[in-house]
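Residue numbers (mature numbering (1 follows the signal peptide of the UniProt record, and there is no 0)): -28 to -1, 1 to 499. Cβ coordinates follow ideal geometry from the N, Cα and C atoms, glycine included.
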Amino acid sequence: MPIVRRACVQVWAAMLLCVGALPLPAGAGTEPNQDYDFHLSKGLYLYSSRQDKEARRELTEAVRARPGDPTAGYYLGRTLIRLQQYETAEERFRQVLKLYPDDPRARMGVGMALYHQGRYADALANLSTAEARLTDEPLLFYYQGLAAAALRRYKLAGEKFQRAGALDRELAGDPHYQRGVSFYGQGKLEQAAEEFRSAALTAQPPASGQAPAALPATLGSPAKRWDVSAALSLQYDSNVVLQPSGISSPGNAISRKDDFVTVLNGGADYRFVQDDTWTVGAGYGFYQNIHARLSDFDVQDHTPTIYAQRRFGAAQLRAQYLLDYVTVGGDSYLLANTLQSVLTYPESDRTFTQAWVRYQNQDFKEWSLDRGGVNPTRDANNYMVGAIQHWVFSEGRSRIRAGYTFDTNRTGGGDIDRAVPGRPTSADWSYVGHRLSTGIGFQPLPATTFDLAFDYYRQGYDNPNSFSADGTTVRKDNIFLLTGTAVHDLRSWLWIAFQYHYTRDDANIAAFNYVRHVISFTVGGRF
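#1: I need the boundaries of the beta strand (DSSP E) containing residue 475, first residue and last residue.
#2: Pick out whichever of 370, 393, 352, 443 has its Cα sitting closest to the Cα of residue 401.
#3: Which word fits residue 493, buried or exposed, when buried means at least 16 other C-beta atoms lie within 10 angstroms of its C-beta?
#4: Under a three-way DSSP split, which group does residue 225 fall into?
#5: DSSP three-state call for residue 373: helix, strand or coil?
#6: Taking its Cβ as the centre, do 16 or more other Cβ atoms sit within 10 Å of residue 229, making it buried, or is it exposed?
#7: Note down the Cα distance separating residue 325 from residue 286, rounded to an integer number of angstroms.
#8: If you run the structure through DSSP and keep just helix, strand and coil, what is residue 241?
#9: Between which two residues does the beta strand (DSSP E) containing residue 448 stretch?
#10: Going by C-alpha distance, which of 372, 112, 461 is nearest residue 138?
#11: Which of helix, strand or coil does DSSP assign to residue 391?
#12: Quick one: what's got a C-beta closer than 6 Å to residue 267's C-beta in the same chain, skipping five residues either side?
#13: Starting from residue 436, follow its DSSP beta bridges and name the residues at the other end.
#14: Check whether the Cβ atoms of residue 346 and residue 380 sit closer than 8 Å, and answer yes or no.
#15: Jot down the residue ranges of each uninterrupted alpha helix (DSSP H) in the stretch 100 to 131, minimum 4 residues, whole runs only, in chain order.
#16: For residue -3, count neighbouring Cβ atoms within 10 angstroms of its own Cβ and tell me buried if that reaches 16, exposed if not.
#17: Do you know offhand how far residue 185's Cα is from residue 17's?
#18: Could you pull out every residue in the same chain whose Cβ sits closer than 6 Å to the Cβ of residue 40, ignoring the five residues on either side in sequence?
#19: Quick check: what's the CA-CA separation for residue 197 versus residue 127?
#20: Please state if the CB of residue 278 and the CB of residue 254 are separated by a distance shorter than 8 Å.
#21: Give the straight-line distance between the Cα atoms of residue 46 and residue 106, rounded to the nearest whole angstrom.
#22: Can you give the beta carbon distance from residue 87 to residue 51, rounded, assuming they're within the 8 Å contact cut?
#23: Rounding to the nearest angstrom, what Cα-Cα distance links residue 223 and residue 459 in this structure?
#24: Going by DSSP, which residues form a beta bridge with residue 273?
#25: For residue 54, which residues from the same chain have a beta carbon less than 7 Å from its beta carbon, with the 5 sequence-adjacent residues on both sides left out?
#26: Tell me which residues share the same chain as residue 422 and place their Cβ nearer than 6 Å to its Cβ, disregarding the 5 neighbours each side in the sequence.
#27: Could you check whether residue 388 and residue 445 sit closer than 8 Å to each other, using their CB atoms as the reference points?
#28: For residue 323, count neighbouring Cβ atoms within 10 angstroms of its own Cβ and tell me buried if that reaches 16, exposed if not.
#29: Beta strand (DSSP E) containing residue 323: first to last residue?
#30: In terms of residues, what are the limits of the beta strand (DSSP E) holding residue 209?
#31: Looking at the structure shown, is residue 365 part of a helix, part of a strand, or coil, going by DSSP?
#32: Confirm, please, whether the CB-CB distance from residue 260 to residue 233 is below 8 Å.
#33: What did DSSP end up calling residue 82 once you bin it into helix, strand or coil?
#34: Taking the CB atoms as reference points, tell me whether residue 115 and residue 83 lie closer together than 8 Å.
#35: Residue range of the alpha helix (DSSP H) that residue 285 falls in?
As structure tokens, this is what we get:
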């Protein structure tokens, strides 16, 4: 029907409101609510293509990732109406109204769902409430006309259908609609209402995937501007090491002792600008681990960030600055300044590519256990570039990814022929790294997701290393990482996860050789 064409325009506008970045390999940075962005974009694409069952699945995941979001909730309700699940659709719209009582589109959705349940008077009451703020929405007047006609209020039905036609040229051009106008002018209200109804119900929808000619300025529903997340994790770590997020090597801070660890982390994000093209925001992340025995290895990380993001059609470009202030055992350990840019490009509804470039300045500090003065010699500028390709299968229930990352650490240590054993310098830490990343994810149940990731990371250092026995060995590391994760959603905002992480660093210098197993159980929330 012509109304559907107008709705498709709104869907494509909604797709431009998705914010955040998709997952990056370890060390490249991740954003809160990245699942929301992926599932909402894909869900709206499928909705506009009238692939309703697939759209329902993706939009349901978007609601899980960002509970109460009005855009995801509204289009999930619209999808459920298409699937003739009218009571469930009504419930979805009402859940949006619990958080946004004045949201006119959710109120309109309640009216639409009630109409399809045969509750015409209640439908008309809700639609009339929505009309106060949706003065240019033909879909609303169309449903008002249908409900009024079902109640035999033919004069009101004619008025509402004519309002819909005034806002939708294709509806107004339909022969049934024109006959309805003629009957209405003659005072034949029942015949007019029937013709208007026929015009709205029999007009042809657009072809699947048809792109709109223009985009409206806004969607009418207020997009949520903030996100908060928090998690509590209990871990067993077989070999405690110091390796803050984004840092590629633990240096020589390898305890070779096991421990039980409690981890607290969370974050908040607020978007100052959020429109069809631009998103500008700021966020803050916090991380704290507490060891049962090795308290000198307790890490605390504060990460404020600012970012700007722009849409170019289906593609998205994000630029971001992050500041990491890390303490270990209460002592300053690292101050890192990071600039990164991420480009996300969906080739289709089943594939997308992500590429990034990153610069990080690492300023390592002295700390209490660093009796050999190693940490200050690790100051570096790190440069990184990478890309990862994602494939989606089985109607979104399975995913495969594969990527490559190049990075290099430049410490200013120069080129040396021989190191002095036991006397570390900045020449020890310059390297070139190549990382291959693969992963597979699948969803056996609607609320349960499994993910398996494998990375191989090769680091070739520039100079003979002072940790070698004779000072002549140039360090080479082959690092293998395996991670298995299971996540189950208990509620739309509450989840639990079980994870096993394995690291093996096969270095040709004994000081850097280690194997590590980390088993964790996590409870987290998204708000």
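Quick answer:
#1: 466 to 479 is the extent of the beta strand (DSSP E) around residue 475.
#2: The shortest Cα separation from residue 401 among 370, 393, 352, 443 belongs to 352.
#3: It is exposed - the Cβ of residue 493 has fewer than 16 other Cβ atoms within 10 Å.
#4: Under the three-state reduction of DSSP output, residue 225 falls in the coil class, being neither helix nor strand.
#5: In the displayed model, residue 373 falls within a strand according to three-state DSSP.
#6: Residue 229 is exposed by the Cβ-count criterion.
#7: Approximately 12 Å between the Cα atoms of the pair.
#8: It is a strand residue.
#9: Its beta strand (DSSP E) spans residues 446 to 461.
#10: When the alpha-carbon of residue 138 is set against those of 372, 112, 461, the nearest one is in 112.
#11: Correct three-state label for residue 391: coil.
#12: Taking residue 267 as the centre and dropping the five residues before and after it, the same chain places no C-beta closer than 6 Å to its C-beta.
#13: Per the DSSP secondary-structure output, residue 436 pairs in a beta bridge with 446.
#14: No, Cβ-Cβ distance for residue 346 and residue 380 is not below 8 Å.
#15: Counting only runs that start and end inside the stretch 100 to 131, the alpha helix (DSSP H) elements of at least 4 residues fall at 110 to 122.
#16: Model confidence at residue -3 stands at a pLDDT of 38, short of 50, so the residue's coordinates are unreliable; what they give is reported in the following sentence. Counting Cβ neighbours within 10 Å, residue -3 comes out buried, since at least 16 surround it.
#17: Residue placement at residue 185 is poorly supported in this model, since its pLDDT is 28, which falls under 50; the coordinates are not used for a value here.
#18: For residue 40, where only same-chain residues beyond five positions count, the Cβ hits under 6 Å are 71.
#19: Each residue's Cα considered, the two are about 42 Å apart.
#20: Yes, they are a contact pair.
#21: Looking at the backbone, the Cα of residue 46 and that of residue 106 are separated by about 15 Å.
#22: About 17 Å separates the beta carbon of residue 87 from that of residue 51, a gap too long to meet the 8 Å contact definition.
#23: One Cα belongs to residue 223, the other to residue 459, and the distance between them is close to 32 Å.
#24: Paired residues: 259, 298.
#25: Sequence-distant partners of residue 54 (beyond 5 residues in either direction) whose C-beta falls short of 7 Å from its own C-beta, in its chain, are 24.
#26: Taken in chain order, the residues that qualify are 414, 458.
#27: At a Cβ-Cβ threshold of 8 Å, residue 445 and residue 388 do not count as neighbours.
#28: So residue 323 ends up on the exposed side.
#29: Going by DSSP, residue 323 is part of the beta strand (DSSP E) stretching over 323 to 336.
#30: Where residue 209 is concerned, the enclosing beta strand (DSSP E) stretches over 198 to 209.
#31: Assignment of residue 365 by DSSP, reduced to helix, strand and coil, places it in the strand class.
#32: Result no, Cβ atoms of residue 233 and residue 260 do not sit closer than 8 Å.
#33: Correct three-state label for residue 82: helix.
#34: The answer is yes: Cβ separation under 8 Å.
#35: The continuous stretches of alpha helix (DSSP H) do not include residue 285, and DSSP gives it neither H nor E.
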